[in-house]
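**Q** Count along the sequence shown from 1, add 330, and you get the number used in my numbering. We put the beta carbon where it would ideally sit given N, CA and C, even for glycine. Note that the structure is a prediction, hence the values are computed from the model and not measured.
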Amino acid sequence: MSIQSGEAASYDVRAIQDKWRAVWDELRPFDADGTDVGRERRYALTMFPYPSGDLHMGHGEVFALHDVLARYWRLKGYDVLNPIGWDSFGLPAENAAIKRNENPATFTYDNIETQAESIRRYGVSFDWTRRLHTSDPEYYRWTQWLFLRMFERGLAYRKASYVNWCPNDQTVLANEQVVQGMCERCGAVVTKRELTQWYFKITDYAQRLLDDMEQLEGRWPERVLTMQRNWIGRSEGAFVDFAVEGRESPVRVFTTRPDTLFGVTFFVVAPDSRIAAELVTDEQRGAFDAYLERTKQATEIERQSTERPKTGVFLGVHATNPATGEQVPIYAADYVLADYGTGAVMAVPGQDQRDWDFAKAHDLPIIRTVEPSEGFDGDAFTGAGPAINSANEEVSLDGLEIEAAKSAIIDWLEQRGTGERTINFRLRDWLLSRQRYWGCPIPIVHCPSCGEVAVPDDQLPVELPYLTGADLAPKGTSPLAAATDWVETTCPQCGADARRDTDTMDTFVDSSWYYLRYCSPGTTDAPFSPEDVKHWMPVDMYVGGVEHAILHLLYSRFFTKALHDMGLVDFTEPFTALMNQGQVINQGKAMSKSLGNGIDLGEQIEAFGVDAVRLTLVFAGPPEDDIDWADVSPAGASKFLQRAWRVSHEVASEPGTDATAGDVALRRTTHKTVAECEHLYDSKRFNVVVARVMELVNATRKTIDSGAGAADPAVREAAEVTAILLSTVAPYVAEEMWAELGHGPSVSQQAWPTVDPSLLVDDTVTCVVQVKGKVRGKLEVSPSISDKELEALALAEPNVARHLEGAEIRKVIVRAPKLVNVVI
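What follows is the structure, encoded as structure tokens:
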């Protein structure tokens, strides 16, 4: 395929792609060295691709943007680590294997090879010597090893609880994997189910996850930091103990508003909490069980909706309000969630609208404890004001504003031993076990005598048995449970008959540490080499979609902090900087088969070539903006690349020609372009870099077509700079230009162009002359002109002089060298 423009010279896109791929394969210019300790390093990382099929437009965008930065850093002289691998466990491969009656590895590794070939064709400057796949036993051996280090420290534990259950994928989900009440992967409505599951104790790190965001301010997008802060959800308040009739120990609740304690007129527990099952009386058991079953059918979004009628069932018992001594009824109500606080809530209908609605629906008393603002005639008052109706014989809050009232009531509760100050987090522990096959096996043996026993390190990896087709079909329990020969084993401690754990790990475990393995992928006696990790880490720039703002990024941050506490790494944040790219859409909408607006990356590459597609994606706008393919022009990008190549093709001077004798105007443009692009790369304004290169090509063409022409040394200098700058965006044509200019490969290994500071200073600047606030003249003057000289020139300018005829000059304001303002 040749790019043509009338009778002008052209180049064959496929030919140069094949040519330079072969050269790169031989030279391996992108392999990270890591041996020169005196050379400054950079770690460029793009989020793991998942091998569900060939590359799509989203891949095309993220790889193009990521590669611009990696290639720029190499030009700047850094030793760059830019690895590639695949997040290769997961449900899509397992579901495909069920349909095809094969093992998931077949689907997975076929797709990996397809993607690998497409990535190589796309010209991304990855170091292929560090390639890894999370489904390789030599990788998941170390995932299991890290799990066991967590287990030893109490950070991995197993407990029974109500969990999120996806009825379609037949597996549990972490809270983070439930979006608007639906499975984030398949979109099925999530229900609740009681199971014994494995968890990582991420809540132990909640405060550190918040505090360490200070390291990321200004380096991560603010919206990502906000999303993480909101998900962690730090709340300051108090625990309050309520004595319950017939129960030896009190029920503890968390509240952010202990100042409203005098307004508690009833007590609410989540139907699916353990406390509800413990409190309900035999007489109310039937009604409660029926209500619990209805609750399980509702999503958390539905349960918390303010528009939903407030339903509940009396549990047959009462609690004592510690402030008033009053007996208040205890209800199970679905607007309370089991995993927030203790699953129990003190209801204050006067100050909470949901409690107000419940009180009205169940004919319960309402006591206001905050004086409403003047003119308020609504239901629950949630604003600020002085406390009212809040006093007993020992303490009075009446008249105190909210914060003072909070402090006073907590002091009183702590003195009486019925409450304490505390901090609560919305963040829940990470539920990591999954009831599916294609994942990392959990390296635990269950022994009737010894309990949960870790598989010894020297017996890792615990490899998956070979299952196919119907054996993989979801049954509500892991398919591994039916693999008898695999499940049945002996206890590592006592030697008695035991059973392997049949769940596999959430794939987010695999991707929570892969960036460390990239530093030393060949290490066989540890998950990574501490020396290599110290050399390369933390990651200097992480590029990927904002859809991972909570899940992957939060988990990776947790893993890093846990490994830091184990002494395995010397940093606490894995990713120094983060760049989120926008989406590639079409005709104003996300691409989908139903809308018929999908764009195939492979087809675009076949039609226009890799360079044109990459250039189009980078030039479309800032990295974080969405790209509407209907509004961009890969054909236009092709034409520009043709023009750039023709410039190099026409250069008539020899390599090494002294540029100082060349056209000064063009040299000034060239050096200004280099200086500005350096700043633009560093600020991630890659689209403006492309615009500046286009301007440089136009200026070079103008010089070629006039004056000294293609033999002008300034033309060679400009063409060489163009090739170097273009190599970050359009690597194939850049290599071809570099060869046309008489240089050996690879342009990607060249040094960043040196800028002559004298060429950054303009010979003249434009001075605007205003008369009575209106522009009446423009002068080209020296940047060093004095105020007196500039005033004289301005007043003598013919058009200015004409507008001053017959007028009295009151004042001349001079701001040399750019402005003269004449006041008349």
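Starting from R997 and walking both ways along the beta strand (DSSP E), at which residues does that stretch end?
**A** Run containing R997: none in the beta strand (DSSP E); it sits in the alpha helix (DSSP H), 994-1012.
**Q** For Y1062, does the count of other Cβ atoms within 10 angstroms reach 16, so buried, or fall short, so exposed?
**A** Buried: at least 16 other Cβ atoms inside 10 Å.
**Q** For S332 and R944, I'd like the C-alpha separation in whole angstroms.
**A** Here S332 scores only 43 on pLDDT, less than 50, and its place in the model should not be relied on; the value that follows carries that caveat. Whole-angstrom Cα-Cα distance: 18 Å.
**Q** By the 10 Å Cβ neighbour count, where 16 or more other Cβ atoms means buried, how is N560 classified, buried or exposed?
**A** Classification for N560: exposed.
**Q** Tell me, which residues are paired with C1097 by DSSP?
**A** In the DSSP output, where bridge partners are listed per residue, C1097 has L1109.
**Q** Could you please give me the residues that DSSP links to H463 through a beta bridge?
**A** Note: H463 sits in a beta bridge opposite W416.
**Q** Cβ of F456 within 9 Å of Cβ of P497?
**A** For F456 and P497, no; Cβs fall outside 9 Å.
**Q** With a threshold of 8 Å on Cβ separation, who are the neighbours of E1070 within its own chain once the five nearest residues in sequence on each side are excluded?
**A** W975, S978, H979, V981, listed in sequence order.
**Q** What residue from T585, S448, V520, C777 has the CA that sits closest to D499's CA?
**A** Per the Cα distances, V520.
**Q** Rounded to the nearest angstrom, what separates A374 and F838 at their Cα positions?
**A** Roughly 20 Å separates the two Cα atoms.
**Q** Inspect the beta-carbon positions of S841 and V502 and report whether they are closer than 9 Å.
**A** Cβ atoms of S841 and V502: not closer than 9 Å.
**Q** Smallest Cα separation from A345: which of F755, E936, C1097?
**A** Considering only alpha carbons, the answer is E936.
**Q** Do three or more CB pairs link the segment 660-677 to the segment 573-585 at distances below 8 Å?
**A** They touch, by the three-pair rule.
**Q** Taking contact to mean at least 3 C-beta pairs separated by less than 8 Å, is the segment 636-647 in contact with the segment 606-614?
**A** These segments touch.
**Q** Please determine, among T946, K1032, W475, the residue with the shortest C-alpha to C-alpha distance to F393.
**A** Minimum Cα distance to F393 is reached at T946.
**Q** Suppose you measure from the CA of A1049 to the CA of Y408; what does that come to, to the nearest Å?
**A** Roughly 24 Å between the two C-alpha positions.
**Q** Does the segment 803-811 come within contact of the segment 748-766, defined as at least 3 CB pairs closer than 8 Å?
**A** They touch, by the three-pair rule.
**Q** With DSSP collapsed to three states, give me the class of E877.
**A** The answer is helix: DSSP assigns E877 an H, G or I state.
**Q** Do you know how far the Cα of R751 is from the Cα of M835?
**A** Going from the Cα of M835 to the Cα of R751 covers about 36 Å.
**Q** Which of helix, strand or coil does DSSP assign to E656?
**A** If DSSP states are grouped into helix, strand and coil, E656 belongs with coil.
**Q** Contact between the segment 780-794 and the segment 467-485: three or more CB pairs below 8 Å?
**A** These segments touch.
**Q** Would you check if the distance between the CB atom of A600 and the CB atom of V508 is smaller than 9 Å?
**A** No; because the gap between Cβ atoms is not below 9 Å, this pair is not in contact.
**Q** Within a Cβ cutoff of 7 Å, which residues of the same chain sit near I1139, ignoring the five residues on either side of it in sequence?
**A** Only V1152, I1154 meet the Cβ criterion.
**Q** Could you tell me if Q911 is buried or exposed, where buried requires 16 or more neighbouring beta carbons within 10 angstroms of its beta carbon?
**A** Result: buried.
**Q** Do you know whose CA, among G1136, K1141, G1107, S1116, lies nearest N1129's CA?
**A** The option with the nearest alpha carbon to N1129 is G1107.
**Q** Look up W403 in the DSSP assignment and say whether it is helix, strand or coil.
**A** In the structure shown, W403 sits in a helix (DSSP, three-state: H, G or I).
**Q** Beta carbon of F706, beta carbon of A653: below 9 Å?
**A** Not closer than 9 Å, so no.
**Q** Please state whether DSSP places S491 in a helix, a strand or coil.
**A** Strand.
**Q** Please state whether DSSP places P716 in a helix, a strand or coil.
**A** Three-state result, P716: coil.
**Q** Do P904 and P868 have their beta-carbon atoms positioned less than 9 Å apart in this structure?
**A** Yes. Within cutoff.
**Q** Taking Cβ positions, are D833 and K531 nearer each other than 9 Å?
**A** Not in contact: D833 and K531 (Cβ atoms no closer than 9 Å).
**Q** Am I right that T1000 and V1023 are in contact with their C-beta atoms under 8 Å? What's the rounded C-beta distance?
**A** That belief does not hold up - the Cβ atoms of T1000 and V1023 are roughly 11 Å apart, past 8 Å.
**Q** Report yes or no: do the segment 1139-1149 and the segment 1096-1106 share at least 3 C-beta pairs separated by less than 8 Å?
**A** Yes: at least three Cβ pairs fall under 8 Å.
**Q** How would you write the range of the alpha helix (DSSP H) that E733 sits in, first residue to last?
**A** Here the alpha helix (DSSP H) through E733 covers 732-746.
**Q** Three or more beta-carbon pairs under 8 Å between the segment 442-461 and the segment 356-373, yes or no?
**A** Touching, per the Cβ criterion.
**Q** With contact counted as at least three CB pairs below 8 Å, one residue from each stretch, are the segment 374-386 and the segment 412-428 in contact?
**A** Verdict: yes, contact present.
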